[in-house]
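Enquirer: One structure, as structure tokens, below. Some questions next.
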Amino acid sequence: MVTQRLALLVFLTVVNFPFDQGEIISSKPQGVRAAYWPSFTGYPASEIDTSYFSHVYYAFVLPSPTTYALEIMPNDVENLLEFSNASTRWTQSANTMLSIGGGGGGALPGTFSQMASDQYSRTTFINSTIKVARDYNFDGVDLDWEFPSNDNDMSNLGLLFKEWFEAIEYEANVTGRPRLILTSAVYYASNISVDGGPQSYPIEAITQYIDWISPMCFDYHGSWENFTGLHAALYDPNTDLSTDFDIGTWNRAGVPTQKIVMCLPLYGRTWSLADPHVTTVGARTVGTVPGSGLLVYSEVIDFNRENNSTVVFDNTMVSYYSYSGDSWISYDDVRSIELKVRYAQSQALGGYFFWALGQDLDWAISSAASETWLD
Ligand SMILES: *[C@@H]1O[C@H](CO)[C@@H](O)[C@H](O)[C@H]1NC(C)=O
Ligand SMILES: *[C@@H]1O[C@H](CO)[C@@H](O)[C@H](O)[C@H]1NC(C)=O
Ligand SMILES: *[C@@H]1O[C@H](CO)[C@@H](O)[C@H](O)[C@H]1NC(C)=O
Ligand SMILES: *[C@@H]1O[C@H](CO)[C@@H](O)[C@H](O)[C@H]1NC(C)=O
Ligand SMILES: *[C@@H]1O[C@H](CO)[C@@H](O)[C@H](O)[C@H]1NC(C)=O
Ligand SMILES: *[C@@H]1O[C@H](CO)[C@@H](O)[C@H](O)[C@H]1NC(C)=O
Ligand SMILES: *[C@@H]1O[C@H](CO)[C@@H](O)[C@H](O)[C@H]1NC(C)=O
654 MVTQRLALLV FLTVVNFPFD QGEIISSKPQ GVRAAYWPSF TGYPASEIDT
704 SYFSHVYYAF VLPSPTTYAL EIMPNDVENL LEFSNASTRW TQSANTMLSI
754 GGGGGGALPG TFSQMASDQY SRTTFINSTI KVARDYNFDG VDLDWEFPSN
804 DNDMSNLGLL FKEWFEAIEY EANVTGRPRL ILTSAVYYAS NISVDGGPQS
854 YPIEAITQYI DWISPMCFDY HGSWENFTGL HAALYDPNTD LSTDFDIGTW
904 NRAGVPTQKI VMCLPLYGRT WSLADPHVTT VGARTVGTVP GSGLLVYSEV
954 IDFNRENNST VVFDNTMVSY YSYSGDSWIS YDDVRSIELK VRYAQSQALG
1004 GYFFWALGQD LDWAISSAAS ETWLD
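Counting along the sequence shown from 1, when you hit position 218 you're at 871 in this note's numbering, and nothing is skipped either side.
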């Protein structure tokens, strides 16, 4: 009865105010507030506080290098069960995404390249992603191919996206279930220049078939270079290595801004200064301590506290660095994260995602981002 009256009310509302829905239903899109759960770190999925996230990504499962179907090993089964069990107990419901691939390197990029090059292996792969996603109650699937590296890879990726979308739409039609969400983590810019190049991502296929892409706007600098740098700068007046520039490449290439989800790192990159008295961005470095080049956010904060680090907010590049002795760390903190989320909103982006869960300190960063986005 209550349901009937509610339905009637909704019906009347729509009929009476067809052009005025903005006042009835909030016109503000909820957007994507996502984070990846690295299944291999031991951080319990049951501890994820989903009040801060709309989408949680399971990272990662892999395709077989010979059949191209997803290869679910016994330890994958254990992690997938942990994740899906935990997801039913989260205090606030969040969409769950099965992410395929990752930055493991090795043979993986070649496996993706071969899988995408042939229609039969694409279909095998696609069908298995749907099966695994449904078996473990995911709401969507995500491709993290790091990276397609030549023109063939890019055009095959376009075919893969098209056939994948058609397959998930077909499956939804046949089963009557909501269509799986289809997303992809991509290189930070819309063109890649690894194997010669530049090669452009298949922009039309992305626009037509992918719900959103997640450009990996981080690791612009690291201990592989012999100078300090802000590894996830929002702006950089001197180079093209910044989130603002990279989001712009996707936008100018024609991807609608609502389909771009911006990356926020929950980790820092570290160096050893060549001269402890020269501590600026761009200072000479000689090595990788602390943390062999990488510290997660909670470790950065511990390090800074215990070592009385000097903390600098770079107002121009919108990121943080800290130094103590010869240690130098690039990272993000609450203020830079809030400004980055404001930036994402000013560009009408679809949302943001974190790499990775388990690296925050008492949800300081996750909650700041979420509160800023929903504010
Ligand atoms: C599911 O999670 C609950 C609570 O965390 C736990 O007690 C139970 O053993 C889990 N079940 C499985 C099958 O992992
Ligand atoms: C993939 O799934 C579709 C739809 O269920 C089916 O028709 C097709 O034969 C499958 N192909 C492969 C290679 O598994
Ligand atoms: C699924 O159903 C929709 C709506 O009926 C239709 O437009 C679409 O073509 C169908 N897609 C597939 C792949 O069957
Ligand atoms: C990206 O690459 C395409 C060719 O694949 C080229 O036409 C385009 O100008 C490039 N865009 C940028 C921003 O370099
Ligand atoms: C820093 O690295 C670059 C390129 O790897 C090299 O050309 C340069 O000599 C190095 N500078 C110093 C001071 O080691
Ligand atoms: C403080 O710095 C020293 C020397 O770099 C390091 O070994 C130690 O782990 C740091 N403390 C913390 C809490 O990270
Ligand atoms: C940090 O500062 C405190 C208080 O000034 C001092 O006791 C401590 O020794 C300092 N630690 C380091 C690693 O410099």
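Cβ atoms here follow ideal geometry from the backbone N, Cα and C, with glycine treated the same way. Quantities reported herein were computed from a predicted structural model and do not represent experimental measurements.
Let's see if you can read the secondary structure: which residues bound the beta strand (DSSP E) around A688?
Expert: V685 to P691 is the extent of the beta strand (DSSP E) around A688.
Enquirer: For ligand 3, enumerate in chain order all residues having a CB closer than 6 Å to any of its heavy atoms.
Expert: Here the residues come out as E819, E822, Y823 and N826.
Enquirer: With a 10 Å radius around its C-beta and 16 neighbouring C-beta atoms as the bar for buried, classify D1028 as buried or exposed.
Expert: Flag for D1028 reads exposed.
Enquirer: On a CA-only basis, which of L926, V987 and W877 is nearest I954? Give me that one, please.
Expert: Of the listed residues, the one whose Cα sits closest to I954 is V987.
Enquirer: What are the uninterrupted segments assigned as beta strand (DSSP E) that are 3 or more residues long and contained completely in the region 836 to 923, given in chain order?
Expert: Correct list: 865 to 868 and 914 to 918.
Enquirer: Measuring CB to CB, does Y711 end up less than 8 Å from T749?
Expert: Taking 8 Å as the Cβ cut-off, Y711 and T749 qualify as a contacting pair.
Enquirer: On the three-state DSSP scale, how would you describe D986?
Expert: If DSSP states are grouped into helix, strand and coil, D986 belongs with coil.
Enquirer: Between Y773 and ligand 2, is there a pair consisting of the residue's CB and a ligand heavy atom that are separated by less than 7 Å?
Expert: Yes, since a heavy atom of ligand 2 falls inside the 7 Å radius drawn around the Cβ of Y773.
Enquirer: Relative to the C-alpha of N960, which residue among Y689, S972, S980 and Y950 is closest?
Expert: Of the candidates Y689, S972, S980 and Y950, the one whose C-alpha sits nearest the C-alpha of N960 is S980.
Enquirer: Give me every residue whose Cβ sits closer than 5 Å to any heavy atom of ligand 2, in chain order.
Expert: Residues with a Cβ closer than 5 Å to any heavy atom of ligand 2, in chain order: T776, T777 and N780.
Enquirer: Please state if the CB of N732 and the CB of S770 are separated by a distance shorter than 8 Å.
Expert: Their beta carbons are not under 8 Å apart, which means S770 does not touch N732 by this criterion.
Enquirer: What residues in its chain sit with their C-beta under 7 Å from that of P831, if we drop five residues either side in the sequence?
Expert: Contacts found: A825.
Enquirer: Is R832 helix, strand or coil by DSSP?
Expert: Correct three-state label for R832: coil.
Enquirer: When the Cβ atoms of the region 804 to 819 are set against those of the region 873 to 886, are three or more pairs found closer than 8 Å?
Expert: These segments do not touch.
Enquirer: When DSSP labels each residue in this structure, what does S752 get in the three-state scheme?
Expert: It is a strand residue.
Enquirer: Please state whether DSSP places P718 in a helix, a strand or coil.
Expert: Coil.
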